[in-house]
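In this note's numbering, each number is its position in the sequence shown, counted from 1, plus 28.
Beta carbons: idealized from backbone N, C-alpha and C, even for Gly.
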Amino acid sequence: MTFDLAIIGAGPAGLSMVRALADSGLRIALIEQQSASALADPPFDGREIALSLRTLRILRESGVFDHIPADQVFPLEHAIVMNGEDRHPMRVAPLRGKSALGALVPNQQIRRAVWAAVQGQQGLTLFDRNRVGAIHTAADHVEIELQPVAEGGEGAAVEPAPVSIRARLLIAADSRFSDTRRKMGIGADAHDFGKTMLVCRMQHEQPHHHTAWEWFGIGQTLALLPLSEHLSSVVLTLPPHEMQALLELPDADFERDIARRYQGRLGEMRRAGSRHSYPLIGVYAQRFVGPRFALIGDAAVGMHPVTAHGFNFGLHGVDLLSREILAAVRAGTDIGAPERLQRFEAAHRRATRPLYLATQAIATLYTDDRGPARLVRRLVLDASSRVGPLRLAIATALSEEGLSLRALLPALPGLRGT
Ligand SMILES: Cc1cc2nc3c(=O)[nH]c(=O)nc-3n(C[C@H](O)[C@H](O)[C@H](O)COP(=O)(O)OP(=O)(O)OC[C@H]3O[C@@H](n4cnc5c(N)ncnc54)[C@H](O)[C@@H]3O)c2cc1C
C-alpha cells in the first residue's frame with residue numbers, strides 16, 4: 029500500500045488534482061467518504077458555478093470540459109450591481125476582445141465531468157467509502173490510516189478493520205471544514221456571516237439578457253444567475269430564521285414571495301428546481317502547507333459565494349501545485365520537497381488573500397443595513413460606475429485574466445494597505 033501521492037476528498041478540487049497529474053506516471057491514492065456510485069452520479073445541489081475565462085481554459089485543456097453537455101453551459105455576458113433603490117446600477121461588460129465574462133455551469137455537471145475525466149486513469153487507486161484516521165509524518169513519507177465507512181452508515185454493528193497507506197506527499201481537498209487540516213495541526217480563520225443563502229431555479233416572464241444581478245437591498249441580498257431563456261437561478265441571502273420560514277412556504281406562496289422581492293422586474297416567477305440553502309461561512313487556512321502536506325480547494329480557501337471565486341480559486345491552486353509536482357517528476361526529485369510546497373503556498377496566498385479580504389469586506393458592508401454602511405456602499409458603487417479603470421478591474425477579476433481584483437482594493441473601506 030505504497031503510493032507517491034495521497035489525496036483526501038474527491039470533490040471538484042481533489043478530482044481536478046488527479047486529472048492534472050494524469051500523465052505524470054505517479055501512483056495516486058484518492059480517499060473519499062462517499063461511494064463511487066454517488067461520485068459518478070452526484071445529486072443536483074442548486075449551485076450554479078460562475079466559471080471565469082481562465083477556469084474555462086483550464087477545463088478545456090484538461091479535457092474535463094468535453095464531459096459537460098453543451099446545453100449545460102450558460103454564457104455570462106454582463107453583470108449589474110445595484111444598491112437598494114438607487115437608480116444607477118454599476119454595469120460590468122466583458123473585456124475588450126471577449127464576448128463574455130465567463131459561463132455558468134451547474135456544480136452537479138462539474139462534479140460529474142471531472143469524475144468522468146479521471147475514469148481509467150493509469151496509476152489511480154480509489155478508496156471510496158473511507159475516511160482518514162491517524163496520520164503520522166516521517167522524514168520521507170506520510171502514513172495514513174484509512175477508516176472504511178461501515179456498510180449501513182453510522183452506528184452499523186460491525187466496523188471494518190482500518191487499513192494503512194503510505195505516500196510521499198499528502199494533499200487535503202476535504203472541504204472548508206477539513207478534518208485533515210485540523211489533524212495536521214493547521215488552524216484556519218473562519219468567519220460566520222450569520223446569514224443563510226437560498227439557491228433555486230425559477231422560470232420568469234421577462235428575459236434576463238444573460239446578465240447576472242447582484243442587488244444589495246435592505247434586509248436581504250438578491251442575485252440572479254442567468255441560465256437558459258427565461259430560466260435563472262435565484263440567490264437570496266437572509267438571516268437564518270427568516271430563511272427557514274421561506275423554505276417552509278408552499279410553492280404558490282414561495283413564488284409570490286420571490287417575485288415580490290425582485291419587485292416584479294422579472295414578471296411572474298415559477299419554481300423550476302428544488303430549494304437549497306447554505307450557511308455562509310468563510311474560511312482561510314493559516315498555512316497551506318506543512319511537512320509532506322498541502323491543502324487545496326475549499327480546505328485552503330473557503331470563499332463567501334458573493335464574488336463567485338470558490339471553485340475558480342480551487343482550480344488555481346490545483347494548477348500551481350500540479351506544476352510544482354510535475355516539475356519535480358521531470359527533474360527526478362522529491363515531489364514533497366519543502367521549497368516546492370512553499371513556492372505553491374506563496375503564489376496561492378498572493379492570488380487569493382486580497383480577494384478573500386475584499387470578499388469579506390463586500391459581504392459585510394453590503395449586508396449591513398445601518399445608515400453609514402448604506403451611504404458608503406452607495407459611494408463605492410457610484411465611484412465604481414464612473415471610474416472606468418475600476419470597472420475594468422472588476423471585469424478583469426470576474427474574467428480572472430490575472431486575478432486582478434486587487435485593483436479594486438483601494439475603493440473598499442478598511443482594506444487599504446492589506
Ligand atoms: C451556494 C454556493 C454557490 C457557489 N458559487 C460559486 C461560483 O459561482 N463560482 C465558484 O467558483 N465557486 C462557487 N461556489 C464554491 C464551490 O462550490 C466550492 O468552492 C467547491 O465546490 C469546492 O470544492 P472542493 O473540492 O474544495 O470541496 P467540496 O466540494 O466540499 O468537496 C469535498 C469532498 O471531500 C469529501 N470529504 C470531506 N471530508 C472527508 C473525509 N474526512 N474523508 C474523506 N472524504 C471527505 C466530501 O465527501 C467531498 O466529496 C459556491 C458555493 C456555494 C455554497
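Might you give, ordered along the chain, the residues of its own chain that have their beta carbon closer than 7 Å to the beta carbon of ARG159, omitting 5 neighbours on each side? GLN61, GLN175, VAL177
Continuous alpha helix (DSSP H) stretch holding THR208: start and end: 207-211
Look at the Cβ atom of ILE36, then the Cβ atom of VAL46, and state whether they are nearer than 8 Å. no
Go through its chain and collect everything with a Cβ distance to SER63's Cβ below 7 Å, but skip five positions before and after it. ASP156, ARG157
Note the first and the last residue of the continuous beta strand (DSSP E) segment covering ILE199. 191-200
Quick one, which of ALA313, ILE286, LEU79, ASP362 has its alpha-carbon nearest MET297's? ILE286
Mark PRO417 as exposed unless 16 or more other C-beta atoms lie within 10 angstroms of its C-beta, in which case mark it buried. Because PRO417 carries a pLDDT of 47, less than 50, the predicted location of this residue cannot be relied on, and no value is offered for it.
Among LEU323, LEU275, ALA356, ALA327, nearest to HIS304 - alpha-carbon criterion: LEU275
Measuring from the CB of ILE108, is there a heavy atom of ligand 1 at a distance below 7 Å? no
Taking the beta strand (DSSP E) that GLN231 belongs to, which residues open and close that run? 216-232
Who are the near neighbours of ARG299 in its chain, counting only those whose CB is closer than 7 Å to its CB and skipping five residues on each side? CYS228, MET230, ASP279, PHE282, GLU283
Have a look at THR446 and ALA131 and give me their C-alpha separation to the nearest angstrom. With a pLDDT of only 29 at THR446, under the threshold of 50, the placement of this residue in the model should not be trusted, and no figure is reported.
Three-state secondary structure assigned by DSSP to ILE363: coil
Out of THR30, LEU43, ASP32, point me to the one whose CA is closest to ILE324's CA. LEU43
Determine, using beta carbons only, whether ALA107 and ALA240 come nearer to each other than 8 Å. yes
Does the beta-carbon of ALA386 have 16 or more other beta-carbons within 10 angstroms, so that it is buried, or is it exposed? buried
Would you give the residue range spanned by the alpha helix (DSSP H) that VAL133 belongs to? VAL133 -> not in any alpha helix (DSSP H); beta strand (DSSP E) instead, spanning 130-134.
Complete beta strand (DSSP E) runs within the region 239-309 (minimum length 3 residues, chain order): 239-244, 249-254, 259-266, 297-299
Would DSSP call ARG119 helix, strand or coil? strand
Is the number of C-beta pairs between the region 81-96 and the region 340-356 that are closer than 8 Å three or more? yes
Quick check on PRO333: buried or exposed, where buried means 16 or more other Cβ atoms within 10 Å of its Cβ? buried
Could you round the C-beta distance between ARG204 and VAL133 to whole angstroms and report it? I think they count as a contact, below 8 Å. Going by Cβ atoms, the distance from ARG204 to VAL133 rounds to 21 Å, so no, they are not a contact pair.
For GLY161, report the span of its beta strand (DSSP E) as first-last. 158-165
ARG210 classed as buried or exposed, judged by whether at least 16 other C-beta atoms fall within 10 angstroms: exposed
GLU233: which of SER206, PHE31, ALA145, ARG293 sits nearest, CA to CA? ARG293
What residues are listed by DSSP as bridge partners for TYR448? A question about residue 448 goes unanswered here, because the residues of the chain that appear run from 29 up to 446.
Span of the alpha helix (DSSP H), counted from its first residue to its last, around MET29: Run containing MET29: none; DSSP gives neither H nor E here.
Where GLN175 falls: helix, strand or coil (DSSP): strand
Any heavy atom of ligand 1 closer than 7 Å to the CB of ILE52? Correcting the residue identity first, residue 52 is Ser in this sequence and not Ile. No; taking the cut-off as 7 Å, the Cβ of SER52 has no heavy atom of ligand 1 nearer than that.
Roughly how many angstroms lie between the CA atoms of ALA356 and ASP51, to the nearest whole one? 13 Å
Starting from ALA41, follow the alpha helix (DSSP H) in both directions and report where the run begins and ends. 40-48
For THR149, I'd like the list of residues in its chain whose CB is within less than 6 Å of its CB, leaving aside the five on either flank, ordered along the chain. Before going on, a small fix: residue 149 reads as Gln here, not Thr. The answer, listed in chain order, is ALA50.
Could you check how far apart the C-beta atoms of PHE372 and ALA195 are, in whole angstroms? I think they sit under 8 Å. Actually they do not touch by this definition, with Cβ atoms about 17 Å apart.
For the putative contact between ALA375 and ALA78, defined by C-beta atoms under 8 Å, what is the C-beta separation to the nearest angstrom? Not a contact, Cβ separation roughly 23 Å.
Examine ligand 1 and report whether any of its heavy atoms sits within less than 7 Å of the Cβ of GLU105. no
Between the CA atoms of VAL329 and ILE309 - distance to the nearest angstrom: 11 Å
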